[in-house]
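Chemist: Below are the structure tokens for one structure; questions will follow.
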Ligand SMILES: [Zn+2]
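Numbering (the numbering used here), first residue to last: 36 to 431.
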């Protein structure tokens, strides 16, 4: 598959005007870097070609780099893969504005033979391989060199992790180490975290295990708290709170610096990653899905509109403001049928029932459903008319 070069590359370089030639499609926000660094997805106003754009401040200079991408998926992938300093090392067509405001175009056909072979291989472009007149032996050598490079990077990261572990006398869980090996970007793809009280926190970035990084994890281990010896900080949240591993249990907690307390977030690393979400609405086989204040919303309609999402968001706000009332409503039903009250105490039921999922199929017709309750395999559902809680059904 070949990407059609954007029409901008046919103009003289000095004619390029980013604010006139592009419109913004999506903002990726801030990227971990020593100074300011942000990214967005841009679209050429003339031919519609897409560009992943990075603005970077570095030693009091400003750099603007635009990588042409095939589609939004590739932009998301590159955004995830490329750290701020690696942004210009790829083989797509690029526009670069250096700190002295000089514009230069970089086109991949001027790249090295090895680079061209790698691209032809990854795109399964047989015509290109033929055109380059590549022998099987040459292909093998190129593949070997890629493998070696990847191995070298992995072993370097593992060594970094090892050093950190020795230094803080703590062994990280394997899932966390694997995450660091697989993700070069320290900003999680989805970075919103919903707390049990209905507030949301933004994960700014994970600390780096690379000792040359400004966000090197060891720089953050010595914080002023009575809980210091119980926690291993690994990520920074907006407004200065930090995410930590609890040494004893490897559970994930938030350390609140103002109150010197911790809040439980997840039992383990994988659950923590699953808890993270973003602001987007996703189409699924059940309709549409998104998360708000940490709760999942499923809209079972053919189309989403603001009326439906507003109603779902209102249910969630109602839920957090009236948790007690909702739980008591459930208990009336439980007591009537003596279903759970014999087996568990009220506290145990609250703990085991878990987070609800909100279903909406029409405005003012919703459901609070406990899909993941650990009491048994029943589905516990409270019907809602507007914001009035109504029938409880316990389904097998
Ligand atoms: Zn264009």
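Ideal Cβ placement from N, Cα and C applies to all residues, glycine included.
#1: When you compare only the Cα positions, how much space is there between residue 242 and residue 91?
#2: Could you have a look at residue 195 and say whether DSSP puts it in helix, strand or coil?
#3: Ordered along the chain, which non-local residues of its own chain (more than five positions away) have a Cβ less than 6 angstroms from that of residue 174?
#4: Measuring CB to CB, does residue 273 end up less than 9 angstroms from residue 255?
#5: Cα separation between residue 370 and residue 377?
#6: Using 8 angstroms as the Cβ pair cut-off and three pairs as the minimum, do the segment 176-187 and the segment 148-155 touch?
#7: If you draw a straight line from the C-alpha of residue 108 to the C-alpha of residue 115, how long is it?
#8: Just grab the DSSP bridge partners of residue 279 for me.
#9: Any chance the CB of residue 43 is under 8 angstroms from a heavy atom of ligand 1?
#10: Grouping DSSP H, G and I as helix and E and B as strand, with all else coil, what is residue 90?
#11: Given a threshold of 16 other Cβ atoms within 10 Å of its Cβ, counted over all protein chains shown, does residue 145 qualify as buried or as exposed?
#12: Compare the beta carbon distance of residue 389 and residue 395 with 9 angstroms and say whether it is the shorter of the two.
#13: Could you pull out every residue in the same chain whose Cβ sits closer than 8 angstroms to the Cβ of residue 351, ignoring the five residues on either side in sequence?
#14: For the segment 286-299 against the segment 189-197, do three or more pairs of beta-carbon atoms, one drawn from each stretch, fall closer than 8 angstroms, so that the two count as touching?
#15: What is the rounded straight-line gap between the Cα of residue 423 and the Cα of residue 411?
#16: Residues in the same chain with beta-carbon distance under 7 angstroms from residue 408, minus the five sequence neighbours each way, listed in chain order, please.
#17: Three or more C-beta pairs closer than 8 angstroms, one from the segment 274-282 and one from the segment 291-311: is that the case here?
#18: Determine the contact status of residue 450 and residue 305, defining contact as a CB-CB distance below 9 angstroms.
#19: In the DSSP assignment, what are the bridge partners of residue 140?
#20: Could you give the distance in angstroms between the alpha-carbon of residue 149 and the alpha-carbon of residue 177?
#21: If you follow the alpha helix (DSSP H) that residue 353 is part of, which residue opens it and which one closes it?
#22: Using a Cβ-based criterion (distance less than 8 angstroms to any ligand heavy atom), does residue 110 qualify as near ligand 1?
#23: Note down, in chain order, each residue of its chain lying with its Cβ closer than 7 angstroms to the Cβ of residue 335, except the 5 sequence neighbours on either side.
#24: At which residues does the beta strand (DSSP E) containing residue 102 begin and terminate?
#25: Please report how far the alpha carbon of residue 53 lies from the alpha carbon of residue 207, in whole angstroms.
#26: Considering Cα atoms alone, identify which of 404, 419 and 420 is closest to residue 430.
#27: Report the partner residues of residue 48 according to the DSSP bridge assignment.
#28: Quick one: using the 10 Å Cβ neighbour count with 16 as the cut-off for buried, is residue 188 buried or exposed?
#29: With a CB to CB cut of under 6 angstroms and the five nearest residues on each side skipped, what residues in its chain are close to residue 104?
#30: Can you list the beta strand (DSSP E) stretches of 3 or more residues lying completely in the segment 364-408, in chain order?
#31: State the beta-bridge partners of residue 430 as determined by DSSP.
#32: Using a 10 Å radius around the Cβ and a threshold of 16 neighbouring Cβ atoms, would you call residue 244 buried or exposed?
#33: To the nearest angstrom, how far is it from the Cα of residue 354 to the Cα of residue 226?
#34: Run through DSSP, which three-state label would residue 156 get?
#35: Under the three-state reduction of DSSP, which class applies to residue 313: helix, strand or coil?
Modeler: Per the coordinate set shown:
#1: Taking the first residue of the chain shown as 1, we reach residue 242 at position 207. Taking the first residue of the chain shown as 1, we reach residue 91 at position 56. Whole-angstrom Cα-Cα distance: 20 angstroms.
#2: By 1-based counting over the chain shown, the position of residue 195 is 160. Helix at residue 195.
#3: Position 139 of the chain shown, counting from 1, holds the residue named residue 174. Excluding sequence neighbours, residue 174 sits near nothing in its chain.
#4: Position 238 of the chain shown, counting from 1, holds the residue named residue 273. Position 220 of the chain shown, counting from 1, holds the residue named residue 255. For residue 273 and residue 255, no; Cβs fall outside 9 angstroms.
#5: Here residue 370 corresponds to residue number 335 of the chain shown, with the count starting at 1. Here residue 377 corresponds to residue number 342 of the chain shown, with the count starting at 1. About 9 angstroms.
#6: Flag = yes, the segment 176-187 and the segment 148-155 touch.
#7: For this step, residue 108 is matched to residue 73 along the chain shown. For this step, residue 115 is matched to residue 80 along the chain shown. So the two alpha carbons sit approximately 11 angstroms from each other.
#8: Against the chain shown, residue 279 aligns to sequence position 244. Beta-bridge pairing by DSSP links residue 279 to 268 and 288.
#9: If you number the chain shown from 1, residue 43 lands on position 8. Yes; taking the cut-off as 8 angstroms, the Cβ of residue 43 has a heavy atom of ligand 1 nearer than that.
#10: Within the chain shown, the letter at position 55 stands for residue 90. Correct three-state label for residue 90: strand.
#11: Against the chain shown, residue 145 aligns to sequence position 110. Interpretation of residue 145 is limited by its pLDDT of 48, a score under 50 that renders its predicted location unreliable; the figure taken from the coordinates is listed afterwards. Its Cβ having fewer than 16 others within 10 Å, residue 145 is exposed.
#12: Here residue 389 is taken as the residue at index 354 of the chain shown, counted from 1. Here residue 395 is taken as the residue at index 360 of the chain shown, counted from 1. Not closer than 9 angstroms, so no.
#13: Here residue 351 is taken as the residue at index 316 of the chain shown, counted from 1. The residues are 233, 327, 328, 330, 332 and 393.
#14: no
#15: The sequence position of residue 423 within the chain shown is 388, counting from 1. The sequence position of residue 411 within the chain shown is 376, counting from 1. Each residue's alpha carbon lies about 26 angstroms from the other.
#16: Position 373 of the chain shown, counting from 1, holds the residue named residue 408. Contacts found: 387, 388, 389 and 415.
#17: yes
#18: The shown model of the chain, from 36 to 431, leaves out residue 450, and the question about it has no answer.
#19: One-based indexing of the chain shown puts residue 140 at position 105. Beta-bridge pairing links residue 140 to 130.
#20: One-based indexing of the chain shown puts residue 149 at position 114. One-based indexing of the chain shown puts residue 177 at position 142. Using only the alpha carbons, I get a separation of about 7 angstroms.
#21: Counted from its first residue, the chain shown places residue 353 at position 318. 341-356 is the extent of the alpha helix (DSSP H) around residue 353.
#22: As a working note, residue 110 is residue 75 in the chain shown. No - ligand 1 has no heavy atom lying nearer than 8 angstroms to the Cβ of residue 110.
#23: As a working note, residue 335 is residue 300 in the chain shown. Answer for residue 335: 321, 322, 394 and 396, listed in chain order.
#24: Here the question's residue 102 lines up with position 67 in the chain shown. Counting along the chain, the beta strand (DSSP E) containing residue 102 begins and ends at 96-104.
#25: Here the question's residue 53 lines up with position 18 in the chain shown. Here the question's residue 207 lines up with position 172 in the chain shown. Rounded to whole angstroms, residue 53 to residue 207 spans 44 angstroms at the Cα level.
#26: Sequence index remark: in the chain shown, residue 430 carries index 395 (1-based). Of the listed residues, the one whose Cα sits closest to residue 430 is 404.
#27: Here the question's residue 48 lines up with position 13 in the chain shown. Its beta-bridge partners do not exist; DSSP assigns none.
#28: Counted from its first residue, the chain shown places residue 188 at position 153. By the 10 Å Cβ count, residue 188 comes out exposed.
#29: Along the chain shown, one-based indexing puts residue 104 at 69. Excluding positions up to five away in sequence, the list reads 85, 87 and 110.
#30: The segment 364-408 contains these whole beta strand (DSSP E) runs: 392-397 and 400-405.
#31: As a first step, residue 430 is located in the chain shown; it is residue number 395 there, counting from the start. Paired residue(s): 414.
#32: The residue given as residue 244 occupies position 209 in the chain shown. Residue 244 is buried by the Cβ-count criterion.
#33: Within the chain shown, residue 354 is the residue found at index 319, counting from 1. Within the chain shown, residue 226 is the residue found at index 191, counting from 1. Cα to Cα, residue 354 sits roughly 23 angstroms from residue 226.
#34: For the purposes of this step, residue 156 is taken as the residue at position 121 of the chain shown. Three-state DSSP puts residue 156 in a helix.
#35: Here residue 313 refers to the residue found at position 278 when the chain shown is read from its first residue. Coil, per DSSP.
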